[in-house]
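**Q** Okay, handing you the structure first.
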Amino acid sequence: RLATTAPQTPPRRARLAKPMGIYDREYCREPERSSFFTTDRAMVINLVIITVIVYLVDIFSPQVPDTGGLHWLSSRLACTPQTLVQPWMWWRFLTYGFLHDPSNVMHIAFNMFVLWMFGRELEGVYGRREFLLVYLTAIVLSGVAWSAVEYVRNPEALTPLVGASGGCIAIVMLFILRYPQRMLLLFFVLPVPAWFVGVLIITADVMGFVRDAPGNDVANFAHLAGAAFAFVYFRSGMRLERWLPGGNWSWPSLGRRPKLRIHRPGASEQDLSNQVDQILEKISREGEASLTPSERKTLENASRQYKQRRDS
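The sequence shown: position 133 = 1599 (our numbering), numbered continuously.
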């Protein structure tokens, strides 16, 4: 019996691998959306979730008399003008920012919407940890500034302060300072440049603070303090992460040098590729704003070389 053979197909031509661009690398791509329980979830989402959980726990806790309508949890975590002269209670300058008026759901709804709307893009610029530090620092400074002013006005005052407005205003103003010409929908209808919204916010808070009309339950000076912090942060170019030991949260030993190597003329192509990998990892971890001038120059050189290879 004759054996038949299948017709042989011509061998396929090998495909030549194209040089990998710096934005084709795996960790430089936009991460996929993560599930609720993953640790890679955006920090702004984590903050919204934590704040909402605290709010729900608070509204289901019993109301405490003679506290201005506060419930049990908020009465334990809110700050007052007296907190300024009670160093053992200074932790309340942070915890008050995760509380909101239990009788007004729009208080937390508006703050969390603003935080989510403007915080997502800023977190992409500054990185998760730096964004968290900016937000928490704004809350603390806003609470301290408000307490100081109210204590000067009335040293016996016990008015509680709750709400993330100081931190949220700082995030909004930082967004406006970075993108002053970005078009925003005022009242969700009228398109106006971002700088105009910033002027309206500052004007309204200044007028509210100066008038201080009876029944005004808005902490206007806390808003102004948050906006002032955002202005100083933006204009100074500071990075709060650098004030932590070692410059990040890995707690390295003091005096440790960064692992990134500086590009020097004459470096090999492989050495330049390694430097690009390290710099892009830093962008993914800390945001583009963390780059030094030498690191930016290294990325420019690598991009130029890649373009030359692609065009040749």
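Cβ atoms here follow ideal geometry from the backbone N, Cα and C, with glycine treated the same way.
Whole angstroms are fine: how far does the CA of valine 1684 sit from the CA of alanine 1670?
**A** Rounded to the nearest angstrom, the two C-alpha atoms are 11 Å apart.
**Q** Would valine 1628 pass as a contact of tyrosine 1562 if the rule is Cβ separation under 7 Å?
**A** Closer than 7 Å, so yes.
**Q** Nearest CA to the CA of leucine 1581: which residue from Gly1632, Val1672, Asp1567?
**A** Among Gly1632, Val1672, Asp1567, the Cα nearest to that of leucine 1581 belongs to Gly1632.
**Q** For the stretch 1654 to 1666 against the stretch 1594 to 1605, do three or more pairs of beta-carbon atoms, one drawn from each stretch, fall closer than 8 Å, so that the two count as touching?
**A** Touching, no.
**Q** Return the CA-CA distance between tryptophan 1538 and proline 1626, expressed in angstroms with no decimal places.
**A** If I take the Cα positions, the gap works out to 13 Å.
**Q** Report the residue from Met1578, Gly1609, Cys1545 whose alpha carbon sits nearest the alpha carbon of isoleucine 1511.
**A** Nearest C-alpha to isoleucine 1511: Met1578.
**Q** Check whether the stretch 1690 to 1705 and the stretch 1634 to 1650 touch, using three or more Cβ-Cβ pairs below 8 Å as the test.
**A** These segments touch.
**Q** For leucine 1652, which of helix, strand or coil comes out of DSSP?
**A** Leucine 1652 falls in the strand class under three-state DSSP.
**Q** Starting from the Cα of serine 1569, find the closest Cα among Asp1532, Ile1525, Arg1594, Met1555 and give me that residue.
**A** Of the listed residues, the one whose Cα sits closest to serine 1569 is Ile1525.
**Q** Answer with buried or exposed for arginine 1762, where buried requires no fewer than 16 other C-beta atoms within 10 angstroms of its C-beta.
**A** It counts as exposed.
**Q** Straight-line CA distance for alanine 1688 to valine 1610?
**A** In a straight line, the C-alpha of alanine 1688 is about 8 Å away from that of valine 1610.
**Q** Name the one or two DSSP bridge partners that histidine 1537 has.
**A** Answer is Gln1529, bridged to histidine 1537.
**Q** Whole angstroms are fine: how far does the CA of aspartate 1532 sit from the CA of aspartate 1567?
**A** About 15 Å.
**Q** What's the gap between the Cα of arginine 1727 and the Cα of methionine 1583?
**A** Confidence in arginine 1727 is poor, its pLDDT being 44 and thus under 50, which makes the residue's placement too unreliable to answer from.
**Q** Near leucine 1690, which residues of its chain fall below 6 Å by C-beta distance, leaving aside the five closest residues on each side in sequence?
**A** Closer than 6 Å at the Cβ level, and outside the excluded window around leucine 1690, lie Asp1671.
**Q** Beta-carbon within less than 6 Å of valine 1520's beta-carbon, same chain only, minus the 5 sequence neighbours each way: which residues are those?
**A** Within the same chain, valine 1520 has close Cβ partners Phe1564.
**Q** Using a 10 Å radius around the Cβ and a threshold of 16 neighbouring Cβ atoms, would you call tryptophan 1715 buried or exposed?
**A** The pLDDT assigned to tryptophan 1715 is 44, lower than 50, so where the model puts this residue is not dependable; a value taken from the coordinates is nonetheless given after this. Exposed.
**Q** Using the rule of at least 16 other Cβ atoms within 10 Å of the residue's Cβ for burial, across every protein chain shown, is valine 1600 buried or exposed?
**A** Label assigned to valine 1600: buried.
**Q** Can phenylalanine 1643 and phenylalanine 1700 be called in contact, C-beta distance under 7 Å?
**A** For clarity, residue 1643 is leucine in the given sequence; the question names phenylalanine instead. Yes, they are a contact pair.
**Q** Under 6 Å Cβ to Cβ from leucine 1624, same chain only, skipping five residues before and after it: list those, please.
**A** Correct list, in chain order: Thr1546.
**Q** Span of the alpha helix (DSSP H) holding phenylalanine 1584?
**A** Segment 1571 to 1592, the alpha helix (DSSP H) holding phenylalanine 1584.
**Q** Could you say which of Val1698, Ala1614, Glu1596, Gln1741 lies nearest to alanine 1508 if we only look at CA atoms?
**A** Closest by alpha carbon: Glu1596.
**Q** Answer yes or no: do leucine 1550 and alanine 1614 have a C-beta to C-beta separation smaller than 7 Å?
**A** Yes; because the gap between Cβ atoms is below 7 Å, this pair is in contact.
**Q** Taking DSSP as the reference, what is the three-state secondary structure of valine 1684?
**A** Here valine 1684 sits in coil by DSSP.
**Q** If we call anything under 7 Å between Cβ atoms a contact, is valine 1530 one with leucine 1536?
**A** Their beta carbons are under 7 Å apart, which means valine 1530 touches leucine 1536 by this criterion.
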